[in-house]
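Asks: Please see the structure below; I have some questions.
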Amino acid sequence: MELKFDANGLIPAIVQDHYTKQVLTLAYMNAETLALTIAEGRTVFWSRSRQEIWRKGETSGNVQRVVSITADCDADALVVEVVKDGPACHTGAESCFFTPVYVSPELKQFSWEGLYELIKGRKVNPQQGSYTTYLFEKGIEKILKKVGEETTEVIIGAMKNSREETVYEIADEAYHIMVLMVEMGIGIEDITRELEKRHVIDHKVKQETMQ
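Last residue of the sequence shown? That's 1266 in my numbering, and every number before it is there in order.
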């Protein structure tokens, strides 16, 4: 495909986390930095403010290793999927996109990443009266106890053949699992990476049982 660069020889590149699919940043590439990105396997941009080549992570260490680059239907914009070694934003945030401009009052918004960050926030910045903060204050034994209790509730709901109850209890279980993940420093990308390792391309080959 022949890409369409603008009058300044640039093309917008939307950088997306390979594991979480979170949009990390919007930067620009020219033909040279795109070629460097492909050759080096890491994101290399053109800095419009400094008018120079900018290798992401060159000074911060927050390198973005490229998994794939996809052009849109008009060939005038790119999506770059990466595995990041640190925060994408210069502020220290995981993504440059963290300032709400508008949220629909009618549509409920949920994401596993959003829930994870909310739970993590209750650990980093404890809030009085928060159940999540309470769990972190009590420690891992309390968290594990709740995980065990919720597992039992899931089993009970399923044994009763109650879809509604089982869904409710699985949601509780998922929440407590995430609390455990935050407590142990396990990220969503860690679980995604582990599942990817188990993915079998040849469907004739059964996945081996982990020893």
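Note that the Cβ used here is the ideal one computed from N, Cα and C, for glycine as well.
Excluding five sequence neighbours on each side, which residues of the same chain lie with their C-beta closer than 7 Å to the C-beta of M1265?
Replies: Position 210 of the sequence shown, counted from the first residue, corresponds to residue 1265. The pLDDT assigned to M1265 is 49, lower than 50, so where the model puts this residue is not dependable; a value taken from the coordinates is nonetheless given after this. Taken in chain order, the list of residues that qualify is empty.
Asks: Excluding five sequence neighbours on each side, which residues of the same chain lie with their C-beta closer than 8 Å to the C-beta of H1258?
Replies: On the sequence shown, position 203 is the one that residue 1258 refers to. Residue placement at H1258 cannot be trusted, given a pLDDT of 49 that sits under 50; the coordinates are not used to answer.
Asks: Taking contact to mean 3 or more Cβ pairs, one atom from each stretch, closer than 8 Å, check whether the region 1104-1117 and the region 1126-1145 are in contact.
Replies: Yes, since at least three Cβ pairs between the region 1104-1117 and the region 1126-1145 fall closer than 8 Å, the two stretches touch.
Asks: So for I1124, helix, strand or coil by DSSP?
Replies: Indexing the sequence shown from 1 puts residue 1124 at position 69. DSSP places I1124 in strand when its eight states are reduced to three.
Asks: I'd like the list of long-range same chain contacts for E1220, defined as Cβ closer than 7 Å, with 5 residues on each side in sequence excluded.
Replies: Here the question's residue 1220 lines up with position 165 in the sequence shown. G1212.
Asks: Taking DSSP as the reference, what is the three-state secondary structure of K1111?
Replies: On the sequence shown, position 56 is the one that residue 1111 refers to. Correct three-state label for K1111: coil.
Asks: Write down the C-beta distance between G1096 and V1121 rounded to the nearest angstrom, noting that I regard them as a contact closer than 8 Å.
Replies: Here residue 1096 is taken as the residue at index 41 of the sequence shown, counted from 1. Here residue 1121 is taken as the residue at index 66 of the sequence shown, counted from 1. Rounded, the Cβ-Cβ distance is 5 Å, consistent with contact.
Asks: For T1098, collect the residues of the same chain with a Cβ closer than 7 Å to its Cβ; drop the 5 residues on either side in sequence, then sort them by chain order.
Replies: Taking the sequence shown and counting its residues from 1, one reaches residue 1098 at position 43. These residues qualify, in order along the chain: V1070, T1092, K1111, Q1119, V1121, V1135, V1137.
Asks: Below 7 Å CB to CB, which residues in the same chain sit around H1073 once its five sequence neighbours on both sides are set aside?
Replies: To locate residue 1073, count along the sequence shown from 1; it is residue 18. So the qualifying residues of the chain are V1122, E1136, V1137, V1138.
Asks: Between which residues of its own chain and T1247 is the CB-CB distance below 6 Å, once the five residues before and five after are set aside?
Replies: Taking the first residue of the sequence shown as 1, we reach residue 1247 at position 192. Closer than 6 Å at Cβ, skipping near neighbours: Y1074.
Asks: Please go through the region 1057-1110 and give each complete alpha helix (DSSP H) segment of 4 or more residues, from N-terminal end onward.
Replies: Runs of the alpha helix (DSSP H) inside the region 1057-1110: 1086-1095.
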